[in-house]
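Protein chains in written order, with my numbering: chain Z, 27 to 312; chain H, 27 to 312.
Where is the CB? At the ideal position from N, CA and C, for every residue including glycine.
First the structure, in the form of C-alpha cells, and then the observations on it.
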C-alpha cells in the first residue's frame, strides 16, 4: 500500500518497495528552549532556517509543531506552515493536539499534508479524523488508547485496527493512515524495542499499511544514544517500517545505508548522492 | 545449536539466544604493512599488543593470522598462538591456508579453538577438515567452491550443506561448523547484501548451525564505510548471524546496541558495562 503526500510541486510516496522516507522532526519546541523562545517572540525565521537545514540534510517531509507555552497555535501553526512552504517545496506533517489549529493549518498547507497524530482513544478519533477527512490529508495513528501504550504487540495491533476501522467508516482510505507502533526506552524494559519490531511485522502482515518510527525514545536514559538510535532504525526498516520522524542530520546516512543493504538503491545512487551533498556542505563524514 | 570454544580458563558459547560473539580480526597482516613488517622481523610483541587491545575493546575470541611474505607460517603461527594465549585468556581462531601451519598451531593452542577456514571445494574439505577433527576444534565454512562465490542464496545454502555433510562423515558434529555466508560489496552489486542476509536465513532454517559475518567487505569502494558496516552488522544479527570476524574497537558498540534492542541484554547490563569500559579507557563516545 502506498501513501502519497504532496507539496506545491513535489510528490513523496511512502511504500514498502520505495526508499525509506525521512520526516524531519526538528521544528518542534518540545525540549528545545531556544526554539520555544523564538516561537513565543514570533521570530519565525528560525522555523524557516530549520526547514531549509533539514531538507538539505535529507528530509523528504517536514514535521511542523509550534506548541509551546505562550503560543497561540491556532494563529501560529498556519503562519509557520505558510512560511515553511514558502522556503522549501516538500510535503508537511502538521503536528498539533489542537483540532482548530490543525484545521487552520490544513486550510493553508499546499498539496496533501500528513497530520500528526491520532490515537486509538475515542475522543482522539472523533476530534482528529473528521478534519483529516475534510481536507483529504493523511494521518499518523499512534498505537495507544485510554489505557496507555500496551506492553504487547497483539494489543497494539488491535488499536491499529480500531484506528483503521474508524478511518474507513468516515471515508479515509487505509493508504492515508500511517501507523506508529511506538517505542519505549530499552533502558527501562529490555523487551521494549522487540515489542515495537514485532508490532511492525504484525501490522504490516495484517493491514499492509505504512509504518512510521520515532527513532530516539528508544535510547532515552542510556549512554551512546546515537549508536542505539541508528541500530534501532536499521532494525525497524528491516522489519517493515517505511518512514520515520527523526533528525535527518543525524540519521539520514544510516537510513540510506540500510536502503542500500536491503537492495533498494540500484548502483548505490541515492547513497552516494547523499554523501556528496554532505561533503559539499562540509559535514563531517563518518 | 551451540558452538562451544575454550581458552585455558574461559568458555565462549556461540548460539542464537546468546549475546553475539565478536571475533577480533586485527591480528592479520593482509593489507596492514606495519604488522607484516613486524611479523617478518619476528617482533611478536606487536601481536600481543593487538591481542590485549582487542580484548579490552570487547573481543570474545581472537583471530590469529600471520600469513605474510617472508614469513614461515609453520613456525610463526604456533609461536604467535603461544604468545597470545600467554597474554589474554580468550579462545583463538587459527587462520591459515596452510594445513601444516594449522596442525602446528592446533597442537599448542589451549582449550578448543576455531579454525579459519574451509570452503566447499573438495581440495579444501580434504585438506582442512581432517586436522580439525583430529584436534577436536570447530571450523568456519565459507560458502564458496571451485566455481567461486555463487550469486544466489540457494547455491550458497547447497555449499553449506556439502561442508556439513563432509564434516559429519568424518566425525565433526554440525555444532562445530560455523557457516560464513560471505558478502560482496554493495558498491558493485546492489543486491549483494540482500543475498547474504537471505543465505543467513536459509542456512539457519535448514541446518540450525551458527553463522559468522565478515563485516567490512560489504562497503568496499564506497564512502562512509563505518555507517554501512554498522547497518550491515545490525541487519545480519537480526537475520540470524551469531558471530562476526570484525574490528571490536569499531563495531562492538553497534553489536551491543543490537543485542540490547533484540531483547538479549536484560537491564542493558552488557551494553552499559561496555560503555563504562570504553569510558574508563578514554575512548571517544559516539
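| Item | Value |
| --- | --- |
| Whole-angstrom C-beta distance between residue 107 of chain H and residue 135 of chain H, which should lie under 8 Å | 5 Å |
| Residue 229 of chain Z and residue 183 of chain Z closer than 9 Å at C-beta | yes |
| Any C-beta of chain Z under 9 Å from that of residue 256 of chain H | yes |
| 9 Å Cβ cutoff, residue 217 of chain H in contact with chain Z | yes |
| Residues from the stretch 45-61 of chain Z in contact with chain H, defined by Cβ distance under 9 Å | none |
| Residues, ordered as in the chain, of the stretch 276-291 of chain Z that lie near chain H by beta-carbon distance below 7 Å | 279, 280, 283, 284, 286, 287, 288, 289 and 291 |
| Proximal chain B residues relative to residue 108 of chain H, where beta-carbon distance stays under 8 Å | Among the protein chains of the structure shown, namely Z and H, there is no chain B. |
| Cβ-based neighbour list, residue 155 of chain Z, same chain, cut-off 8 Å, excluding 5 preceding and 5 following | 144, 165, 192, 193, 196 and 198 |
| Unbroken stretches of the alpha helix (DSSP H), 4 residues or longer, contained in the stretch 220-283 of chain H | 251-265 |
| Three-state secondary structure assigned by DSSP to residue 32 of chain Z | strand |
| Amino acids of chain Z, ordered along the chain, whose beta-carbon sits closer than 7 Å to that of residue 212 of chain H | 286, 287 and 294 |
| Simplified DSSP state of residue 70 of chain Z, which is helix, strand or coil | coil |
| CB contact check: residue 298 of chain Z to chain H, cutoff 9 Å | yes |
| 6 Å Cβ shell around residue 104 of chain Z - same chain, five flanking residues per side excluded | 130, 131 and 134 |
| Spatial distance of residue 162 of chain H from residue 204 of chain H (CA atoms) | 14 Å |
| Segment contact flag, the stretch 33-49 of chain Z with the stretch 91-105 of chain Z, C-beta cutoff 8 Å, min 3 pairs | no |
| Inter-residue spacing [alpha-carbon to alpha-carbon] between residue 200 of chain Z and residue 190 of chain Z | 6 Å |
| Beta-carbon gap between residue 210 of chain H and residue 239 of chain H smaller than 9 Å | no |
| Residue(s) in a DSSP beta bridge with residue 174 of chain H | H:171 |
| Coarse secondary structure for residue 54 of chain Z, derived from DSSP in three states | coil |
| Whole-angstrom distance between residue 62 of chain Z and residue 244 of chain Z, CA atom to CA atom | 24 Å |
| Neighbour flag for residue 157 of chain H against chain Z, beta carbons, 9 Å | no |
| 9 Å Cβ cutoff met for residue 170 of chain Z and residue 208 of chain Z | yes |
| Residue 113 of chain H: first and last residue of the uninterrupted beta strand (DSSP E) it sits in | From DSSP, residue 113 of chain H is part of no beta strand (DSSP E) but of the alpha helix (DSSP H) over 99-113. |
| Residue ranges of each alpha helix (DSSP H) within the stretch 108-165 of chain Z, 4 or longer | 125-134 and 148-160 |
| Residue of Z:264, Z:290, Z:237 and Z:278 minimising C-alpha distance to residue 85 of chain Z | Z:278 |
| Beta-ladder partner(s) of residue 88 of chain Z, from DSSP | Z:50 and Z:118 |
| Distance cut-off 8 Å: residue 290 of chain H Cβ against heavy atoms of the ligand MN | In the structure shown, the ligand MN is absent, as is every other ligand, since no ligand is present at all. |
| is_contact[residue 264 of chain Z, chain H] using C-beta, thresh 9 Å | yes |
| Identity of the residue in Z:80, Z:92 and Z:30 nearest residue 58 of chain Z by Cα | Z:92 |
| Other residues of its chain near residue 70 of chain H: CB distance less than 7 Å, five sequence neighbours each side excluded | 105, 106 and 109 |
| Nonlocal neighbours in the same chain, by C-beta distance under 7 Å from residue 126 of chain Z, ignoring five residues either side | 100 |
| Residue 113 of chain H, buried or exposed, once every other Cβ within 10 Å from all chains shown has been counted against 16 | exposed |
| Within-9 Å CB hit, residue 307 of chain Z to chain H | no |
| Residue 38 of chain H in three-state terms, based on DSSP | strand |
| Counterpart residues of residue 205 of chain H in DSSP-defined beta bridges | H:167 and H:237 |
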